[in-house]
Amino acid sequence: MSKAIINANRSKGIINKNIYGQFSEHLGRCIYNGIYVDENAGIPHENGMRTDVVRALKDLRIPVLRWPGGCFADTYHWQDGIGPREGRKKIVNTFWGGVTEDNSFGTHEFLELCRQLGCEPYISGNVGSGTVQEFSDWVEYCNMGGQSPMADLRRANGREEPWHVKYWGIGNETWGCGGNMRPAFYADLCRQYATYLRAYDGAHPLCRIASGANADDYLWTKELMEIAGGFVDAVSFHYYTVPDSWEHKGSALNFSREAYFAALRRALRMDELVENHSRIIRQYQGERKVGLVVDEWGTWFDVEPGTNPGFLYQQNTMRDALVAAVSLNIFNNHCDTVVMANIAQLVNVLQAMILTEGGKMLLTPTYHVFEMYKNHQDARQLESYVETSLTGVTGENRVPNLHISASQSSDGTVLITAANLDDEQGAALDCALAGLGRIGSITGRLLSGPAGAHNTFDKPEAVRPAALEHIQTTADGFKAALPPCCVAAFEVRPA
Ligand code: AHR
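Heads up: the sequence shown begins at 16 in the numbering used here, then just goes up one per residue.
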């Protein structure tokens, strides 16, 4: 029996809903085909956005969507993607597959997608190959309400009202694909860009997000904070879960038990990364509070055999579901510093929510985790603790078998999300809730299956949540049996 304790008397604060953010890049079939379709493709759409995909994504209550990259962002010149579609410049997507980018999906289309999804846009601007003027014009184009050259251009393109885009990323991976800069150089550039990204209206302040470190490059965060910390609202970092090495990422579907535990061990590293980057931010921030944004995270495996290596299309299994579950638990439990996270990516790329094939689509196990966790958004994080034992094949990749987080919504409902990482042994959970008063009802949902279980276009519902049966109420909480390799969500309602 593993004892878990949820303590409603202790909290790190509100879980920023933006932790449940997403990322969509002009990469492979994410935007084109995955989200945005040609009028003649015979796929139902509204203003070009697939109705099936948008409908499914709306159920996730996506709070914020990052765009247009990724590496693509630092090659993107936004003025290529506005105005009559026939006249838009055709360019080469040099980072991703060398394919033609016809710019048919640009600023207006992205903001229309956000409108349909009901989410906030997060635009990543071009620092690597753009200019301060170009970036500042983009903000003016989106946000200026009165008369100005860019506001007039926007109106000429059919949009009267400003969109009030709040979140702006100052470059992407500027240590790598975004310009191969050194930290001090980027930090100075970041100050310069931040200066010219204007809030055009006092009621709509901007959130300026600095391009941050690669994984555990703490020196990057330190130098960035020292030089530019006073000019930005948040600093990002990127971390991908790769089981072995970048050279040997391994298959998304056919993997050994060792690779299963290796991926989970690497995913759990997020805890230490968030802790350490947060500590540096706290140390160097002045009066102005600077948040931590993990604007790219998730699994990265070999592409599916026979697919374009530059398109990063991979399948998604229960292993991915567990990576999502532990990562979201970690972000929830660091809600005092993590203000946003964006899993990579929304559709058809890396650890996607949705895969499509022509007019067909399927929901991945990762999608279901986001759906089961969605009530953590804007809820009050609660301190939680669970007894664990180590599980794994070899010493190097042993991981704790259980992983949890908890929160309380404004109506008093407590959501406890728990993952059993052991792929062979079930776990008996004995969960006590402190500081909550009398419990009314408890329900549970469960996503489970063998580590390699996944959905296909022939069997799109092989992995999906089901009711978790036989929850037993106890004097101070409940008991439940967790099968091997599962993600569970318990909702405890007050009497
Ligand atoms: O998400 C895929 C790529 O990974 C992004 O374009 C880049 O920022 C990162 O290296």
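Beta carbons: idealized from backbone N, C-alpha and C, even for Gly.
{"Check": "Contact set for residue 195: own chain, Cβ-Cβ below 7 Å, skip 5 residues either direction", "Outcome": "none"}
{"Check": "Spatial neighbours of residue 510 in its chain, beta-carbon cut-off 6 Å, leaving aside the 5 residues before and after", "Outcome": "453, 455"}
{"Check": "Span separating the alpha-carbon of residue 286 from that of residue 296", "Outcome": "15 Å"}
{"Check": "At least 3 beta-carbon pairs within less than 8 Å: the region 372–380 vs the region 404–413", "Outcome": "no"}
{"Check": "Residue 327 CB to nearest heavy atom of the ligand FMN below 8 Å", "Outcome": "Looking at this structure, you won't find the ligand FMN anywhere; what it does contain is the ligand AHR."}
{"Check": "Residue 187 CB to nearest heavy atom of the ligand AHR below 8 Å", "Outcome": "yes"}
{"Check": "Residues bridged to residue 229 [DSSP beta-bridge criterion]", "Outcome": "253"}
{"Check": "Residues sharing a beta bridge with residue 509, DSSP", "Outcome": "454"}
{"Check": "Contact between the region 326–338 and the region 460–469 (3+ Cβ pairs under 8 Å)", "Outcome": "yes"}
{"Check": "Distance cut-off 8 Å: residue 194 Cβ against heavy atoms of the ligand AHR", "Outcome": "no"}
{"Check": "Whole runs of the beta strand (DSSP E) within the region 70–140, excluding any shorter than 3 residues", "Outcome": "79–82, 106–108, 114–116, 135–140"}
{"Check": "Pick from 126, 373, 338, 39 that is closest to residue 472, judged by C-alpha positions", "Outcome": "373"}
{"Check": "N- and C-terminal bounds of the alpha helix (DSSP H) containing residue 210", "Outcome": "198–211"}
{"Check": "Contacting residues, own chain, Cβ-Cβ under 7 Å from residue 10 (five flanking each side not counted)", "Outcome": "For residue 10 there is no data in the structure shown, the boundaries of the chain being 16 and 510."}
{"Check": "Cβ-heavy atom distance, residue 276 to the ligand AHR, below 8 Å", "Outcome": "no"}
{"Check": "Any non-hydrogen atom of the ligand AHR within 8 Å of residue 42 CB", "Outcome": "yes"}
{"Check": "Cα-Cα separation between residue 383 and residue 441, rounded to whole angstroms", "Outcome": "21 Å"}
{"Check": "Residues near residue 33 in its chain [Cβ-Cβ closer than 7 Å; skip 5 each side]", "Outcome": "78, 79, 354, 355"}
{"Check": "8 Å contact criterion, which residue 400 and residue 20 should meet: CB distance rounded", "Outcome": "5 Å"}
{"Check": "Closer than 8 Å: residue 205 CB and nearest the ligand AHR heavy atom", "Outcome": "no"}
{"Check": "Helix, strand or coil at residue 313 [DSSP, three-state]", "Outcome": "strand"}
{"Check": "Minimum C-alpha distance to residue 438 - residue among 44, 171, 67, 276", "Outcome": "276"}
{"Check": "Residue 41 - containing alpha helix (DSSP H), residue span", "Outcome": "Careful: residue 41 lies outside any alpha helix (DSSP H) and carries neither H nor E."}
{"Check": "Assumed close pair residue 229, residue 188 - CB separation to whole angstroms, cut-off 8 Å", "Outcome": "7 Å"}
{"Check": "Buried or exposed by the 16-neighbour rule on C-beta atoms within 10 Å, applied to residue 107", "Outcome": "exposed"}
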